[in-house]
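Chemist:
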Amino acid sequence: MNGNGSIANECTDSVKDEVPGTKAEVKEDPLSAILNGHAPHDPLSNGLKLNRAEETDDLLSEVRKLIIPFIKNADNAAAQKHTGNAYVNPTTGKAQQVLVDYQKPAELAAKLDVALPAEGRGKEGILHWIEQILANSVNTWDQGFMDKLFSTNTPVGVIADLVLSVLNTNLHVYQVSPALTIVEKTTARALAGMFGLTGPHAGGFTCQGGSSSNLTSMVVARNTLFPECATGGNKHDFVVFTSVSGHYSVEKSAMICGMGSSAVWAVPADTAGRMKPSALNDMIVKAKAEGKTPFYVNATAGTTVRGAYEPLEEISAICKAHGLWMHVDASFGGPVVFSRKHRHNLAGSHLADSITINPHKMMNVPSTCSFLLGPDVRIFNKANSTKAGYLFHSHGDGEVWDLADLTLQCGRRADSFKLALAWQYHGTAGFERQVDHSFDMAAHLYQQVTASSRLELVSQDMPTCLQVCFYYRPGGGDVPSDKEAVTKMTADIVHQIIPRGFMVDYAPGDRGSFFRVVVNWQTQPGTVEGLIKAIETVGMELYG
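Structure representation (structure tokens):
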């Protein structure tokens, strides 16, 4: 017996040597043995030796056999995307659905074994379950996934999530996440600097998605411009402004802040989908004349549907003239700051009071990864701090190290690490190449649509971001005048190209719903060309 628990080890070994067929032959994992009171105990040691490292290694090894083929299937299918047809496995010669085996909710619910058991099913049980989940999920690694503003993960992204799971810490206070706190502050400051926010206290923090970042910005704006609201609640008839193309999270934020969705006034947009500054000014004047208190303008850099970048410099001038807070929702379009070729779209971002950017969208960082940035994080601290002395402790250097004192939420994963690791891996120059390639693919898709006799662009202008929007023209003629018929036609084609390995979305337009396709930095030219072939082929089959 010694301090290393050798008696415990000897006892454990003796169990393995029991006569076969006896009760002792049944093996328990160490944690179950402790919970069941079966673990031998050495009073001079800490009890049973743990083997969590070995168990983790074993599970990782087995799960790897499932996830690597999942990714590999998407890589293999990419070679045939240019055809516009379903992927044919060259080994079996049979069609293989890689992107998704689409089923209706009721069908999938009946098929999946999602019952949670009273007794654990162990390793084999969870491996079978993971296999089921993978087989019935959308494989976003597939080139044909061009449905949403987010897309595929990356190899380094998988590693980032794994490291965060191993650390399993909370980024609320420095005490429990020292290294990750420094990573978050450093990464947020560097990212803020890309937008021109270069003051000594510029920076930010991560939130649980772009909607959360936008909500936090609204709370900070209200509590900064009207500090009494932080303790006394809303004492004003507040008004918030965003363009008709803005994200719905602005309305949600107003609801959460107790203002109601009616407090959000939608500013008209021009033909490119950008907020009209003159209309914004007129609406601010109108709100004041009605005795209301306008305080917040949400300017979008990369709108959800058409990817429009709104004129930040003009909007900022209006905000300053009226004493309003200008927030820039660059959730999708923000990463153009890494590109010398495209960062002009964000001219005036340095004038913002706050900025949202989601690296999990254009930059393919794992979901979720959203930053709220500002020229002075002390403003965030002052607006949100509740002086919870049992949790937040001063470090005596004037810096805010307990980051939850800046945010609305306490429990928070270190999502900044995902961007930081990708930045370490690719570098600023790598991010620039990715953004430039993404825009090249959007231009290529635009050209493919222009050249097609059966497709018609929503706007003849070159795409300002990564979304390309267009209609199908039956028989190569005009887009039908019946809006409902156009919407049904678009939806039917969208659904029928899924078996061919392509997922895109659609959005409402003046002539009915149109196709909205979003490319990303891993999209290849052949994928774009195959998509057009798939849409044309299915369109002709269904509608001529």
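Start counting the sequence shown at 1; every next residue gets the next number (the UniProt record's numbering).
No residue lacks a Cβ here, since even glycine has one placed at the ideal position from N, Cα and C.
From a predicted model like this one, the values you see are computed outputs, not experimental measurements.
In the DSSP output, which residue or residues are listed as bridge partners for F145?
Modeler: Here residue 145 corresponds to residue number 145 of the sequence shown, with the count starting at 1. According to DSSP, F145 bridges with M503.
Chemist: Pull up the distance between the alpha-carbon of K104 and that of L373, whole angstroms please.
Modeler: Indexing the sequence shown from 1 puts residue 104 at position 104. Indexing the sequence shown from 1 puts residue 373 at position 373. Those two C-alpha atoms are separated by around 40 Å.
Chemist: Could you round the C-beta distance between V219 and A383 to whole angstroms and report it? I think they count as a contact, below 8 Å.
Modeler: Here residue 219 corresponds to residue number 219 of the sequence shown, with the count starting at 1. Here residue 383 corresponds to residue number 383 of the sequence shown, with the count starting at 1. Contact holds; Cβ gap of about 7 Å.
Chemist: Compute the Euclidean distance between the alpha carbons of C369 and N214, then round it to the nearest angstrom.
Modeler: In the sequence shown, residue 369 corresponds to position 369, counting from 1. In the sequence shown, residue 214 corresponds to position 214, counting from 1. Approximately 13 Å, taken between the alpha carbons.
Chemist: Starting from F238, trace the beta strand (DSSP E) both ways and give me its first and last residue.
Modeler: Along the sequence shown, one-based indexing puts residue 238 at 238. 238-243 is the extent of the beta strand (DSSP E) around F238.
Chemist: F338: which of A272, K286, H437 sits nearest, CA to CA?
Modeler: As a first step, residue 338 must be located in the sequence shown, where it is residue number 338. Of the listed residues, the one whose Cα sits closest to F338 is H437.
Chemist: Would you check if there are 3 or more beta carbon pairs closer than 8 Å linking the stretch 203-214 to the stretch 448-456?
Modeler: With a cut-off of 8 Å, the stretch 448-456 and the stretch 203-214 do not count as touching, because too few Cβ pairs lie within range.
Chemist: How long is the line joining the alpha carbons of I7 and L48, rounded to whole angstroms?
Modeler: Position 7 of the sequence shown, counted from the start, is the residue given in the question as residue 7. Position 48 of the sequence shown, counted from the start, is the residue given in the question as residue 48. Because the pLDDT of I7 is 38, which lies under 50, any placement of that residue in the model is unreliable, and the question is left without a value.
Chemist: Among A301, M503, R274, which one has its Cα closest to the Cα of K148?
Modeler: For this step, residue 148 is matched to residue 148 along the sequence shown. Nearest C-alpha to K148: M503.
Chemist: In terms of residues, what are the limits of the alpha helix (DSSP H) holding W129?
Modeler: As a working mapping, residue 129 is identified with position 129 in the sequence shown. Its alpha helix (DSSP H) spans residues 122-135.
Chemist: Could you tell me which residues DSSP puts in a beta bridge with A269?
Modeler: Counting from one through the sequence shown, the residue named residue 269 turns up at place 269. According to DSSP, A269 bridges with M275.
Chemist: Please tell me whether T293 and V239 are closer than 8 Å, where the distance is taken between their beta carbons.
Modeler: As a working note, residue 293 is residue 293 in the sequence shown. As a working note, residue 239 is residue 239 in the sequence shown. The answer is yes: Cβ separation under 8 Å.
Chemist: DSSP has W401 in a bridge; who is on the other side?
Modeler: The residue labelled residue 401 in the question sits at position 401 within the sequence shown. Its beta-bridge partners do not exist; DSSP assigns none.
Chemist: Which ranges does the beta strand (DSSP E) cover as unbroken runs of at least 3 residues, wholly within the stretch 155-186, from first to last along the chain?
Modeler: With a minimum length of 3 residues, no continuous beta strand (DSSP E) run stays inside the stretch 155-186.
Chemist: Whose CA, out of D142, T154, G203, E184, lies closest to the CA of F380?
Modeler: Taking the sequence shown and counting its residues from 1, the one referred to as residue 380 is at position 380. Residue G203 is the option with its Cα nearest to F380.
Chemist: Which of the three DSSP states is assigned to L531 in this structure?
Modeler: Position 531 of the sequence shown, counting from 1, holds the residue named residue 531. If DSSP states are grouped into helix, strand and coil, L531 belongs with the helices.
Chemist: Could you pull out every unbroken beta strand (DSSP E) segment of at least 3 residues lying fully inside the stretch 408-496, listed in chain order?
Modeler: For the stretch 408-496, whole beta strand (DSSP E) runs of length 3 or above, ordered along the chain, are 455-457, 467-472.
Chemist: With a threshold of 6 Å on Cβ separation, who are the neighbours of Y471 within its own chain once the five nearest residues in sequence on each side are excluded?
Modeler: Looking up residue 471 in the sequence shown gives position 471. Closer than 6 Å at Cβ, skipping near neighbours: E456, V479, F514.
Chemist: Here's the rule I'm using: 16 or more other beta-carbon atoms within 10 Å means buried, otherwise exposed. How should P69 be labelled?
Modeler: Your numbering for residue 69 matches position 69 in the sequence shown. With fewer than 16 Cβ atoms within 10 Å of its Cβ, P69 is classed as exposed.
Chemist: Provide the residue span of the alpha helix (DSSP H) that contains R516, from first to last.
Modeler: Here residue 516 corresponds to residue number 516 of the sequence shown, with the count starting at 1. Per DSSP, R516 belongs to no alpha helix (DSSP H); it is in the beta strand (DSSP E), 514-518.
Chemist: Should the stretch 523-533 be called in touch with the stretch 485-494, which here means at least 3 C-beta pairs below 8 Å?
Modeler: Short answer: they don't touch.
Chemist: Going by C-alpha to C-alpha distance, which of V285, A110, G477 sits closest to A321?
Modeler: Stepping through the sequence shown from its first residue, residue 321 is reached at position 321. Nearest option by C-alpha distance: V285.
Chemist: Beta-carbon within less than 7 Å of P20's beta-carbon, same chain only, minus the 5 sequence neighbours each way: which residues are those?
Modeler: Locating residue 20 in the sequence shown gives position 20, counting from the first residue. Low per-residue confidence applies at P20: pLDDT is 43, beneath 50, and the placement is therefore not dependable, though the value from the model is reported in the following sentence. Hits under 7 Å: none found.
Chemist: Taking the alpha-carbon positions, what's the L99 to F371 distance?
Modeler: The residue you call residue 99 lines up with position 99 of the sequence shown. The residue you call residue 371 lines up with position 371 of the sequence shown. Cα-Cα distance, rounded: 30 Å.
Chemist: So is C257 buried or exposed if we call it buried at 16+ other beta carbons inside 10 Å?
Modeler: Within the sequence shown, numbered from 1, the residue matching residue 257 stands at position 257. With 16 or more other Cβ atoms within 10 Å, it is buried.
Chemist: Can the beta-carbon of V305 be found less than 8 Å from the beta-carbon of A86?
Modeler: By 1-based counting over the sequence shown, the position of residue 305 is 305. By 1-based counting over the sequence shown, the position of residue 86 is 86. Taking 8 Å as the Cβ cut-off, V305 and A86 do not qualify as a contacting pair.
Chemist: Ignore the nearest five residues each way along the sequence and tell me which others in I71's own chain have a CB closer than 6 Å to its CB.
Modeler: The residue labelled residue 71 in the question sits at position 71 within the sequence shown. So the qualifying residues of the chain are W141.
Chemist: Suppose the cutoff is 7 Å on Cβ atoms and the five residues either side in sequence are ignored; what does the same chain contact list for R454 look like?
Modeler: As a working mapping, residue 454 is identified with position 454 in the sequence shown. These residues qualify, in order along the chain: Y472, R473, G476, E536, G539.
Chemist: Here's a check: name, in chain order, each residue in its chain whose Cβ is nearer than 7 Å to the Cβ of G430, leaving out the five neighbours to either side.
Modeler: Reading the sequence shown from its first residue, position 430 is the one you call residue 430. For G430, where only same-chain residues beyond five positions count, there are no Cβ hits under 7 Å.
Chemist: On the CB-based measure, 16 or more other CB atoms within 10 Å of its CB, does R413 come out buried or exposed?
Modeler: In the sequence shown, counting from the first residue as 1, residue 413 sits at position 413. Buried: at least 16 other Cβ atoms inside 10 Å.
Chemist: Is it buried or exposed, E228, if we count other Cβ atoms within 10 angstroms and call 16 or more buried?
Modeler: Numbered from its first residue, the sequence shown carries residue 228 at position 228. Counting Cβ neighbours within 10 Å, E228 comes out exposed, since fewer than 16 surround it.
Chemist: Roughly how many angstroms lie between the CA atoms of H342 and A77, to the nearest whole one?
Modeler: Translated into the one-based positions of the sequence shown, residue 342 becomes position 342. Translated into the one-based positions of the sequence shown, residue 77 becomes position 77. The alpha-carbon atoms of H342 and A77 are separated by roughly 31 Å.
Chemist: Would you kindly work out how many angstroms separate the C-alpha atoms of R500 and C465, rounded to a whole number?
Modeler: Here residue 500 corresponds to residue number 500 of the sequence shown, with the count starting at 1. Here residue 465 corresponds to residue number 465 of the sequence shown, with the count starting at 1. Approximately 26 Å, taken between the alpha carbons.
Chemist: Could you spell out the range, first to last residue, of the alpha helix (DSSP H) harbouring I498?
Modeler: What you label residue 498 is simply residue 498 of the sequence shown in a count that begins at 1. Unbroken run through I498: none, as it is neither H nor E.
Chemist: Please work out which residues of its chain come closer than 6 Å, Cβ to Cβ, to G209, disregarding the five sequence neighbours upstream and downstream, and give them in chain order.
Modeler: Along the sequence shown, one-based indexing puts residue 209 at 209. Closer than 6 Å at the Cβ level, and outside the excluded window around G209, lie T368, S370.
Chemist: Apart from the five residues on each side of it in sequence, which residues of its chain come closer than 7 Å, Cβ to Cβ, to D492?
Modeler: As a position in the sequence shown, residue 492 is number 492, starting the count at 1. Excluding sequence neighbours, D492 sits near L542.
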